[in-house]
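This report concerns only the one structure given below.
There are 2 protein chains.
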Amino acid sequence: MTMASLAQLETPALLLDEAQMDRNIARMRDRARKLGVTFRPHVKTNKSIEVARRLMESPEGPITVSTLLEAEYFAERGVKDILYAVCIAPNKLDHVAALQAKGVRLSIILDSMETARLLADRVRSHAARFDVLIEIDSDGHRSGVKPGSEDLLRIGRFLEDSGIPVQGVMTHAGSSYDSPSVDAIRAMAEQERAAVVLAATRLRAEGIACPVVSVGSTPTALFAEHLEGVTELRAGVFVFFDLVMAGLGVCRIDEIALSVLGTVIGHRPDKGWTLVDAGWMAMSRDRGTSAQAVDQGYGLVCDVHGKPVDDLVMVGANQEHGIIAHRSGRIDGALHLPVGTQLRILPNHACSTAAQYPQYQVLGPAGDVTATWQRFSGW
Amino acid sequence: MTMASLAQLETPALLLDEAQMDRNIARMRDRARKLGVTFRPHVKTNKSIEVARRLMESPEGPITVSTLLEAEYFAERGVKDILYAVCIAPNKLDHVAALQAKGVRLSIILDSMETARLLADRVRSHAARFDVLIEIDSDGHRSGVKPGSEDLLRIGRFLEDSGIPVQGVMTHAGSSYDSPSVDAIRAMAEQERAAVVLAATRLRAEGIACPVVSVGSTPTALFAEHLEGVTELRAGVFVFFDLVMAGLGVCRIDEIALSVLGTVIGHRPDKGWTLVDAGWMAMSRDRGTSAQAVDQGYGLVCDVHGKPVDDLVMVGANQEHGIIAHRSGRIDGALHLPVGTQLRILPNHACSTAAQYPQYQVLGPAGDVTATWQRFSGW
Chain A
7 MTMASLAQLE
17 TPALLLDEAQ
27 MDRNIARMRD
37 RARKLGVTFR
47 PHVKTNKSIE
57 VARRLMESPE
67 GPITVSTLLE
77 AEYFAERGVK
87 DILYAVCIAP
97 NKLDHVAALQ
107 AKGVRLSIIL
117 DSMETARLLA
127 DRVRSHAARF
137 DVLIEIDSDG
147 HRSGVKPGSE
157 DLLRIGRFLE
167 DSGIPVQGVM
177 THAGSSYDSP
187 SVDAIRAMAE
197 QERAAVVLAA
207 TRLRAEGIAC
217 PVVSVGSTPT
227 ALFAEHLEGV
237 TELRAGVFVF
247 FDLVMAGLGV
257 CRIDEIALSV
267 LGTVIGHRPD
277 KGWTLVDAGW
287 MAMSRDRGTS
297 AQAVDQGYGL
307 VCDVHGKPVD
317 DLVMVGANQE
327 HGIIAHRSGR
337 IDGALHLPVG
347 TQLRILPNHA
357 CSTAAQYPQY
367 QVLGPAGDVT
377 ATWQRFSGW
Chain B
7 MTMASLAQLE
17 TPALLLDEAQ
27 MDRNIARMRD
37 RARKLGVTFR
47 PHVKTNKSIE
57 VARRLMESPE
67 GPITVSTLLE
77 AEYFAERGVK
87 DILYAVCIAP
97 NKLDHVAALQ
107 AKGVRLSIIL
117 DSMETARLLA
127 DRVRSHAARF
137 DVLIEIDSDG
147 HRSGVKPGSE
157 DLLRIGRFLE
167 DSGIPVQGVM
177 THAGSSYDSP
187 SVDAIRAMAE
197 QERAAVVLAA
207 TRLRAEGIAC
217 PVVSVGSTPT
227 ALFAEHLEGV
237 TELRAGVFVF
247 FDLVMAGLGV
257 CRIDEIALSV
267 LGTVIGHRPD
277 KGWTLVDAGW
287 MAMSRDRGTS
297 AQAVDQGYGL
307 VCDVHGKPVD
317 DLVMVGANQE
327 HGIIAHRSGR
337 IDGALHLPVG
347 TQLRILPNHA
357 CSTAAQYPQY
367 QVLGPAGDVT
377 ATWQRFSGW
């Protein structure tokens, strides 16, 4: 069922290779099954019910979200089991309660006595009930309480004493994105697992049941050797993959399911530049590969079939202009693409590039657009 | 007329200080008047009819746009004179023609014989009429034909011979964003003016009328000493200003009208970090100040009234987490803001930060939200 050929699309447009996405999902679901854990996909990357339905173990979830708008959107579409994986701000508790009142089990997280006290105050004053996990810091990259700390036990005891049962512990090894090798990712996966399992073990020694032990990042999920003691796995970016993941060795370039379709609008022969109508608004400002061994600029340039063209990258970007040149700087390397040529540009970071678009143009097996899937943005 | 206090907003949210915006607009309109040129504001920064109505010389325009969706949106709201300031891709000509058929004078630009030929083919085959300007390269930063080149005259003669009258020449001195000083901006403004006036003079010597001579970038517009020979001025980011403009000396920090409201969600005392619920999705990935003398990280942290707090900046960002720390790295410098504290974070680049939001929360004189203005994104 073809809706349009690529030539009919006005550019820039966000393309999603459906078959490749399905393979990426199958790979991660297979991992979760082999590791013996529940799969709770993170939907912040895709923000689309059509994508999420292929990810979830059932139409009711479970899923992980990064905003309450994501929780609202997926709850309205039947998802019942949602983890909001950003430490809760007290002025969001009304919104959380409103979602719970609609029959959603919306779990929240915290990592401090300060927030635990604010939550306990709220539970007392409103006779409210919240499902709470404690966030554990497994790698020092962001938030979370240290798994071996006295603070962890204080928070756990305080919550239980305040009538707030600790549903579990969760962590995100975001440092895995900076790993220099697959071996380092493997080591980080073990560090992530060991940290959160230690936290659960220490809480249980205090008589706190702590049923959920949750880990997740795409690199660690794909390379963990085992997840003993862990009950659930979260990951999001694997659904599309991107150049950062390829640079880490987590996927191949040809496994990236997301690309931006742009059109050649001019050349600068004196500089070796080809200009396209896809700039940083189309690619996002994300330069995630800039710290990797291979810097892909604002994106790697492929032909309309998704095959890399020579060694062309988007070396610069203005709001609606992309500057394409040969990676080597060769001045004659990027001038052979006539005005009007469509190109597919692979993104540094799927989450940030997809966020620039209201919809996915879904590519079927013949490379034509077979569907348009809406996605949302904002908060 | 208060709709909400800031405390009632769920964060992150995009705040727009209306009075400051009005002052910024008055400053630029005053400049255009004194310079004796038509003001054709660029609406790519704001993408909102409420903002654009305050910018435009009349409800019918003129305006500058960076996408055809912007042209569509503003045309539907009564704007009749629109310059689409990105070299035209041939597969957009149907769309341009459709807008013209609705009574919009939509001018397009090009910078090569290659595109001129494609346009001439189209004019012949469809008996179409297009308003065309030639883009001039005044600083080597992006697209455009050199003002002293033989190519310029070839393109001009070819268009006229093909029955496509040259409406004018236009340029954008994007390099002004990299100027090391206000003196350098002033010199760049003169370079921009001289280049486009040279191009017009050379075309006129060939018998090509070339009525429009158009320049524009916020820095050069604000510092040009005169615009002799120029007929119109374009600029966009001045409406809000941002940290990049402040770093250039184009505005003061307290003239930035746009900020992101975030809420403190935790602390990492061991690292001196305060975490907020506004990450790169809320700020954008734009790190425009990273190459300036003062690197503002992902944004400069202000209190809820818009005053900078000590010397706190957002030093790191994940998708929905911002990491705030003291600029000096002092570990005790950023820990005094309790969970639940709202902060206003000034953005590096107004265009990219605003693009992350579906609406502006408009602040009135008392610092409360007095209106919500929708904005759009995508293509």
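In order, the protein sequences belong to chains A and B. So the numbering used here is basically just the index in the first sequence, starting at one, shifted up by 6. So the numbering used here is basically just the index in the second sequence, starting at one, shifted up by 6. All residues carry an ideal CB built from backbone N, CA and C; glycine is no exception.
Measuring C-alpha to C-alpha distances from Asn97(A) to each of Cys357(B), Ala252(B), Leu15(B) and Ala104(B) identifies Leu15(B) as the nearest.
Rounded to the nearest angstrom, the gap between the Cα atoms of Pro18(B) and Ser11(B) is 14 Å. Excluding five sequence positions before and after Thr295(A), the CB atoms of its chain that fall closer than 7 Å to its own CB belong to Leu249, Val250, Gly253, Asp301, Gln302 and Asn354, given in chain order. Residues of chain B with a Cβ closer than 8 Å to the Cβ of Ile271(A) are, in chain order, Val92, Cys93, Ile94, Ala95, Thr121 and Ser149. Taking 8 Å as the Cβ-Cβ cut-off, the region 60–77 of chain B approaches chain A at Ser72, Thr73 and Leu74, given in chain order. Cys308(A) is bridged by DSSP to Pro314(A) and Arg350(A).
Boundaries of the beta strand (DSSP E) around Met176(B): Val172 to Met176. A direct Cα-Cα distance of roughly 13 Å separates Asp36(B) from His232(B). Here DSSP, grouped into helix, strand and coil, assigns Val85(A) to coil. Among the residues of chain B, those whose CB is under 7 Å from the CB of Met287(A) are Ala361, following chain order. About 18 Å separates the CB atoms of Val57(A) and Leu239(A); that is not less than 8 Å, and the two are not in contact.
With a 10 Å radius around the Cβ and a threshold of 16 neighbouring Cβ atoms, Pro225(B) comes out buried.
For the set Gly146(A), Gly154(A), Ala103(A) and Met119(A), the Cα lying nearest the Cα of Glu166(A) is the one of Met119(A). Residues of chain B with a Cβ closer than 7 Å to the Cβ of Gln325(A) are, in chain order, Lys50, Ser72 and Cys357.
Residue environment analysis places His332(A) among the buried positions, since at least 16 neighbouring C-beta atoms fall within 10 angstroms of its C-beta.
DSSP places Tyr363(B) outside both helix and strand once states are collapsed to three, so it counts as coil. Here Ala211(B) is exposed. Its C-beta has fewer than 16 other C-beta atoms within 10 Å.
Membership of Glu166(B) in the alpha helix (DSSP H) is indicated by the continuous run Glu156 to Asp167. Going by DSSP, Ala377(A) is part of the beta strand (DSSP E) stretching over Val375 to Gln380. Rounded to whole angstroms, the Cβ separation of Arg60(A) and Asp23(A) is 13 Å, and the two are not in contact under 8 Å. Interface with chain A (8 Å Cβ-Cβ cutoff): Ser131(B) is excluded. Comparing C-alpha distances from Glu63(B) to each of Trp385(B), Ser383(B), Ile31(B) and Ala77(B) shows the shortest one belongs to Ile31(B). Only residues of its own chain outside the window of five on either side were considered, and among them Gly242, Val243, Val245, Phe246, Ala356, Cys357 and Ala360 have a CB closer than 7 Å to the CB of Thr51(A), listed in chain order. Here Thr224(A) is not bridged, per DSSP, to any residue. Comparing alpha carbon positions, the residue from Arg123(A), Gln26(A), Ile55(A) and Ser54(A) closest to Gly272(B) is Arg123(A). Secondary structure at Thr280(B): strand, using DSSP grouped into helix, strand and coil. Leu158(A) and Leu112(A) have their C-alpha atoms spaced approximately 22 Å apart. If you look at Val266(A), you'll find it in the beta strand (DSSP E) that goes Leu264 to Arg274.
With respect to the 8 Å criterion, Ile142(A) and Thr177(A) are classified as neighbours on the basis of their beta carbons. Under a 10 Å Cβ-count criterion, Gln26(B) is classified as buried, with 16 or more other Cβ atoms of the shown protein chains found around its own Cβ.
Within chain A, no C-beta atom comes nearer than 9 Å to that of Val250(B); the closest sits roughly 12 Å away. Judged by their CB atoms, Pro68(B) and Leu89(B) are nearer to each other than the 8 Å cut-off. With contact defined as three or more Cβ pairs closer than 8 Å, the region 102–109 of chain B and the region 255–264 of chain A are not in contact. Taking 9 Å as the upper bound on Cβ-Cβ separation, chain A lies near residues Pro344, Val345 and Gly346 of the region 330–346 of chain B. Chain A places a beta carbon closer than 8 Å to that of Leu124(B), counting this residue as a contact.
Under the Cβ criterion of 8 Å, Glu16(A) is counted among the residues facing chain B.
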